[in-house]
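Heads up: the structure comes next, in structure tokens.
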Ligand code: NAD
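Numbering (the working numbering), first residue to last: 1 to 468.
Spelled out as structure tokens, the structure:
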């Protein structure tokens, strides 16, 4: 049975939580007094449906139902998780959280998305203060994995288990401070950016270029300290600090002072921002941002690094959740969404990707019969020596497709598979045959499969004979 979460406030962040939970298979109750809330949440969901499934090589769970509730009490009744996402005002948040606690279960994780308030401020005077924690996400919540968890340890651990199940990266913050870890950091950078504009050193465009062509690329995959460790050369971190540490005392930075946000400065920043990005609507910028984030994280998947490693682990979890296959039928080997980077100038999936889907289908089949990562580690695998693909229908970014696979031939070191790829609407998109040889990875030569695998393959082939 699906679990249910409640999201209070359906703005930028609330909408993102709704999308993350619903697309990961949770039902979601939403409460927001704004009559426009449903429209705004639907817009976020449209973006999320376009981008989140494209991060994975496996299908996500069936989408949950979203219910807009008339009262807060109705929304939080019997739910496992509450995300409070109302505007950043302490008195408002305290009022909302008090009402939540009066109407939810004792076991519900009550989380606030606050960017700056500490749990001790939010739960001041609460009946069960330990139940209220901070779960601070990042925009867009449906794509960015990080959530900072602050507050009671046991509640944070419960929250972590739930967020792990949503494919997120919960970071347990050791001590509560204003603005947690990431916003402290971002504010320092933002303050410096404001000074650079006010002092006429750089425009919004130039500041963004300094980040996206430079250190932003480093931060996205290694962060600050690992990057500096490498920058220290062979002598490492201590050398780096010795060399550049004293520079922190030089007047390079105004860090502690905030420039006064006069009308003049605000107008200057807004004008520069219009010149930089005004030719795109916010909706267009959201799509561009999301597609870029997906492309970057998919790139990190190939490196199995950082956010990419998290996605690969979640793919494995999704693959492991599938039911035991019935080998007397064709085996479901692939179930996924087509990502945008698989399409070409014709606007459809490039033919090479059909081959990739069948290659993934063969990998899944082999994993299911026992030629898994352990088997490969032991020095054996299958190499494809011949493939025939029949392209039948076009396939587009965002299409949900599945592949069913059967064994055509299994004789000693030879295995031949037949695959059919279908669209979620039932249309046959493509079929293919793949001829493979079992190899010894150390000798790089063909050889018969290990006895246990050979036995399993023969048994599967025997069961599938009747399929014709
Ligand atoms: P927002 O203004 O986009 O959305 C707030 C929503 O709350 C609005 O739709 C409003 O109608 C609704 N609301 C107001 N009173 C309410 C009530 N009593 N009950 C239910 N809903 C109510 O704001 P946002 O940017 O989504 O920020 C929400 C929270 O998330 C803030 O605490 C903010 O600090 C935090 N946050 C924001 C970001 C960000 O980038 N915007 C990032 C992380 C965390």
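Note that beta-carbon positions come from the ideal geometry of N, C-alpha and C, so glycine has one too.
* **Bounding residues of the beta strand (DSSP E) (the contiguous stretch that carries residue 280)** => Position 280 of the chain shown, counting from 1, holds the residue named residue 280. Where residue 280 is concerned, there is no enclosing beta strand (DSSP E), given that its DSSP letter is neither H nor E.
* What are the boundary residues of the alpha helix (DSSP H) that residue 239 is part of? -> Counting from one through the chain shown, the residue named residue 239 turns up at place 239. Start and end: 236-244.
* Asked: If you compare alpha carbons, which of 338, 135, 367, 179 is closest to residue 319?
  -> Against the chain shown, residue 319 aligns to sequence position 319. Answer by Cα proximity: 367.
* Which residues does DSSP pair with residue 146 in a beta bridge? -> Along the chain shown, read from residue 1 onward, the residue named residue 146 stands at position 146. 169.
* **Top-ranked residue by Cα proximity to residue 204, from 317, 214, 190** => Within the chain shown, the letter at position 204 stands for residue 204. Minimum Cα distance to residue 204 is reached at 190.
* Asked: Do residue 19 and residue 30 have their C-beta atoms closer together than 8 Å?
  -> Within the chain shown, the letter at position 19 stands for residue 19. Within the chain shown, the letter at position 30 stands for residue 30. Against a cut-off of 8 Å, the Cβ pair of residue 30 and residue 19 comes out as no contact.
* To do: Just the C-alpha distance for residue 288 and residue 51, rounded to the nearest angstrom, thanks.
  => Residue 288 sits at position 288 when you count from the first residue of the chain shown. Residue 51 sits at position 51 when you count from the first residue of the chain shown. Between residue 288 and residue 51, the C-alpha separation is close to 11 Å.
* Asked: Can you tell me the Cα-Cα spacing of residue 285 and residue 114, whole angstroms?
  -> Position 285 of the chain shown, counted from the start, is the residue given in the question as residue 285. Position 114 of the chain shown, counted from the start, is the residue given in the question as residue 114. Distance between the alpha carbons of residue 285 and residue 114: 24 Å.
* Asked: Is any heavy atom in ligand 1 found nearer than 7 Å to the beta carbon of residue 37?
  -> Numbered from its first residue, the chain shown carries residue 37 at position 37. Yes; taking the cut-off as 7 Å, the Cβ of residue 37 has a heavy atom of ligand 1 nearer than that.
* Asked: Alpha carbon to alpha carbon, how far is residue 185 from residue 456?
  -> Looking up residue 185 in the chain shown gives position 185. Looking up residue 456 in the chain shown gives position 456. Their Cα atoms are separated by approximately 55 Å.
* Asked: By how many angstroms is the C-alpha of residue 308 removed from the C-alpha of residue 145?
  -> Residue 145 sits at position 145 when you count from the first residue of the chain shown. Residue 308 sits at position 308 when you count from the first residue of the chain shown. Spanning the two alpha carbons is a distance of roughly 10 Å.
* To do: Would you tell me roughly how many angstroms separate the C-alpha atoms of residue 82 and residue 199, rounded to the nearest one?
  => Start at 1 with the first residue of the chain shown, and residue 82 comes out as number 82. Start at 1 with the first residue of the chain shown, and residue 199 comes out as number 199. The straight-line gap from Cα to Cα measures roughly 44 Å.
* **For residue 117, the nearest candidate out of 105, 91, 127 (CA to CA)** => Taking the first residue of the chain shown as position 1, residue 117 is located at position 117. Looking at the Cα atoms, 91 is the closest of the given residues.
* To do: Could you tell me the boundaries of the beta strand (DSSP E) in which residue 508 lies?
  => It is not possible to answer for residue 508, since the shown part of the chain is limited to 1 through 468.
* Cα-Cα separation, residue 334 to residue 58 -> Looking up residue 334 in the chain shown gives position 334. Looking up residue 58 in the chain shown gives position 58. If I take the Cα positions, the gap works out to 7 Å.
* **First and last residue of the uninterrupted alpha helix (DSSP H) at residue 50** => What you label residue 50 is simply residue 50 of the chain shown in a count that begins at 1. 37-51 is the span of the alpha helix (DSSP H), which, as asked, contains residue 50.
* To do: Give the straight-line distance between the Cα atoms of residue 339 and residue 291, rounded to the nearest whole angstrom.
  => Reading the chain shown from its first residue, position 339 is the one you call residue 339. Reading the chain shown from its first residue, position 291 is the one you call residue 291. Spanning the two alpha carbons is a distance of roughly 10 Å.
* Asked: Excluding five sequence neighbours on each side, which residues of the same chain lie with their C-beta closer than 6 Å to the C-beta of residue 312?
  -> As a working note, residue 312 is residue 312 in the chain shown. Counting only Cβ-Cβ distances below 6 Å, and skipping sequence neighbours, we find 301, 304.
* Asked: Is the distance from the Cβ of residue 401 to the Cβ of residue 424 below 8 Å?
  -> Mapped onto the chain shown, residue 401 falls at position 401. Mapped onto the chain shown, residue 424 falls at position 424. Cβ distance < 8 Å, so residue 401 and residue 424 count as in contact.
* To do: With a threshold of 16 other CB atoms inside 10 Å of the CB of residue 258, please say whether the residue is buried or exposed.
  => The sequence position of residue 258 within the chain shown is 258, counting from 1. The residue in question, residue 258, is exposed, as its Cβ has fewer than 16 Cβ neighbours within 10 Å.
* Asked: Of all the options 436, 267, 243, 206, which has the alpha carbon lying nearest to the alpha carbon of residue 409?
  -> Taking the chain shown and counting its residues from 1, the one referred to as residue 409 is at position 409. The shortest C-alpha separation from residue 409 is found at 436.
* By Cβ distance, which residues of its chain are closer than 7 Å to residue 236, with the 5 residues on each side in sequence left out? -> Stepping through the chain shown from its first residue, residue 236 is reached at position 236. The answer, listed in chain order, is 229.
* Asked: Who are residue 81's beta bridge partners in DSSP?
  -> Stepping through the chain shown from its first residue, residue 81 is reached at position 81. According to DSSP, residue 81 bridges with 5, 109.
* Asked: If we count the other Cβ atoms within 10 Å of its Cβ and call it buried at 16 or more, is residue 316 buried or exposed?
  -> By 1-based counting over the chain shown, the position of residue 316 is 316. Residue 316 is exposed by the Cβ-count criterion.
* Asked: Alpha carbon to alpha carbon, how far is residue 126 from residue 98?
  -> Start at 1 with the first residue of the chain shown, and residue 126 comes out as number 126. Start at 1 with the first residue of the chain shown, and residue 98 comes out as number 98. Using only the alpha carbons, I get a separation of about 6 Å.
* Asked: Once you ignore the five residues that flank residue 349 on each side, which residues in its own chain have a CB closer than 6 Å to its CB?
  -> Residue mapping note: residue 349 aligns to position 349 of the chain shown, counting from 1. Same-chain partners within the cutoff: 338, 342, 343, 395.
* Asked: Excluding sequence positions up to five away, which residues of its chain have a Cβ less than 8 Å from the Cβ of residue 273?
  -> The sequence position of residue 273 within the chain shown is 273, counting from 1. Around residue 273: 204.
* Span of the alpha helix (DSSP H) around residue 410 -> Walking along the chain shown from the start, residue 410 turns up at place 410. Looking at the DSSP string, residue 410 is not in any alpha helix (DSSP H); the run it does join, the beta strand (DSSP E), is 400-411.
* **Between the CA atoms of residue 275 and residue 119 - distance to the nearest angstrom** => Locating residue 119 in the chain shown gives position 119, counting from the first residue. Locating residue 275 in the chain shown gives position 275, counting from the first residue. Using only the alpha carbons, I get a separation of about 40 Å.
* Asked: Who are the near neighbours of residue 464 in its chain, counting only those whose CB is closer than 6 Å to its CB and skipping five residues on each side?
  -> Within the chain shown, residue 464 is the residue found at index 464, counting from 1. Contacts found: 406, 407.
* **Where residue 208 sits in the DSSP three-state scheme** => Here residue 208 corresponds to residue number 208 of the chain shown, with the count starting at 1. Residue 208: helix per DSSP, three-state reduction.
* DSSP bridge partner residues for residue 98 (one or two, in chain order) -> Reading the chain shown from its first residue, position 98 is the one you call residue 98. BP columns for residue 98 are empty, so no partner.
* Tell me whether residue 295 is buried or exposed, calling it buried when 16 or more other Cβ atoms sit within 10 Å of its Cβ. => Counted from its first residue, the chain shown places residue 295 at position 295. Answer is exposed; the Cβ neighbour count stays below 16.
* Asked: Hey, quick one: how far does the alpha helix (DSSP H) through residue 156 stretch, first residue to last?
  -> Stepping through the chain shown from its first residue, residue 156 is reached at position 156. Residue 156 -> alpha helix (DSSP H) spans 153-164.
* Quick one, are the C-beta atoms of residue 44 and residue 25 less than 8 Å apart? -> The residue you call residue 44 lines up with position 44 of the chain shown. The residue you call residue 25 lines up with position 25 of the chain shown. Their beta carbons are not under 8 Å apart, which means residue 44 does not touch residue 25 by this criterion.
* Top-ranked residue by Cα proximity to residue 470, from 103, 130, 62, 351 -> The requested residue 470 is not part of the displayed model; the chain covers only 1 to 468.
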